[in-house]
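Below you'll find the structure, written out as structure tokens, and then a few comments.
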Amino acid sequence: MNFEKIAFVATDMPEAQAARKALSERYGDTPPQEADAIVALGGDGLMLQTLHRYMNRRIPIYGMNRGSVGFLMNEYRDDSLRERLAAAECATIHPLRMRATLADGSTAEALAINEVALFRETYQAAKIRISIDGKTRMEELVCDGVLVATPAGSTAYNLSAQGPIVPIDAALLALTPISAFRPRRWRGALLSHRAKVRFEILEAGKRPVSAVADHTEFRQVCDVEVEEDGSIDMLMLFDPDHGLEERIITEQFLY
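If you want it as structure tokens, here you go:
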């Protein structure tokens, strides 16, 4: 692919802004709507924001780390950018679509690249019924919360909640409890990427629950459905031998 037209986006951090200035002067700065690729300068948060913002453009996004963790980012260098883009490996990911029914009867939708997570809103534990493809699999999960993660998001909050790391090319979703009280030994499940997950909030008035799709939150939900939206392709570019698949494998051998 030809990467003559490059757009640059950056966080407000001085390091990111300085990098954007240097790269723009060297390679030009095309508006994202006209670019062959978008280069995101910052951390994983910026990468997620950029993926969300241009989700329906199907434009390749290449991140360079000017933030902290940078799991989704490539190493920052200001030389040979077009050559790096041409040689990069492309990972195609699909978001989760969340549909929530709120306490007032209204409905809301949002998309998530990493995960959809439910959280208790008060000091009382949440009580949640879980159904998969229309069949109840858990009558009552008493917990701080529960989440559904994509393979791309499996190394994020899902991993912190002791969920499994899922290879990027696996057709799977991770269903992971957050501080489960009952059943105490339940560690979650791996589901087909075609699975439709439904969370029914029990005692919703007494034990309110919020639902969060990446950074979009809805409070006092009563019912939440989650499934992969395979109609949306998001393209992430990674340097060879340092792609997302390799990073996910490496993460599993850290100790």
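When we follow my numbering, the leftmost residue of the sequence shown carries the number 406, and every step to the right adds one. Glycine included, C-beta positions come from ideal geometry on N, C-alpha and C. Bear in mind the structure is a predicted one, so any value in this text is a computation, not a measurement.
- Val-602 is positioned such that its CB atom lies closer than 8 Å to that of Val-631.
- In this structure, Leu-490 lies away from Val-521, with their beta-carbon atoms at least 8 Å apart.
- For the region 424–511, the full-length alpha helix (DSSP H) segments reaching 4 residues or more read 449–458, 486–492 along the chain.
- With 16 or more other Cβ atoms from the protein chains shown falling within 10 Å of its own Cβ, Cys-548 counts as buried.
- Spanning the alpha carbons of Leu-578 and Ala-531 requires a straight line of approximately 22 Å.
- By the neighbour-count definition (other C-beta atoms within 10 Å, threshold 16), Ala-576 is an exposed residue.
- Under the three-state reduction of DSSP output, Ala-579 falls in the strand class.
- Per DSSP, reduced to three states, the secondary structure at Ser-597 is strand.
- Residue state for Ile-535 is assigned as strand, using DSSP reduced to three classes.
- Ranking Ala-440, Gly-610, Asp-417 by CA distance to the CA of Glu-526 puts Gly-610 first.
- The beta carbon of Ile-498 lies closer than 6 Å to those of Ala-557, Met-639 in the same chain, with the five residues before and after it left out.
- In the DSSP annotation of this structure, the continuous segment of the beta strand (DSSP E) that includes Leu-607 starts and ends at 602–607.
- A buried status is given to Glu-633, since no fewer than 16 other beta-carbon atoms sit within 10 Å of its beta-carbon.
- DSSP places Ser-565 inside the alpha helix (DSSP H), whose first and last residues are 562–565.
- Looking at Leu-659, Asp-441, Arg-504, Glu-650, the one whose alpha-carbon comes closest to that of Glu-494 is Glu-650.
- By the neighbour-count definition (other C-beta atoms within 10 Å, threshold 16), Ala-492 is an exposed residue.
- Take the alpha-carbon of Leu-552 and the one of Leu-580: they are about 6 Å apart.
- For Leu-523, the enclosing beta strand (DSSP E) has its first and last residue at 520–525.
- When Met-478, Arg-612, Val-571, Ala-616 are compared, the shortest CA-CA separation from Leu-446 is found for Met-478.
- With the rule of 3 Cβ pairs closer than 8 Å, the region 467–487 does not count as touching the region 581–600.
- Secondary structure at Glu-409: coil, using DSSP grouped into helix, strand and coil.
- The three-state reading of DSSP puts Thr-655 in helix, counting H, G and I together.
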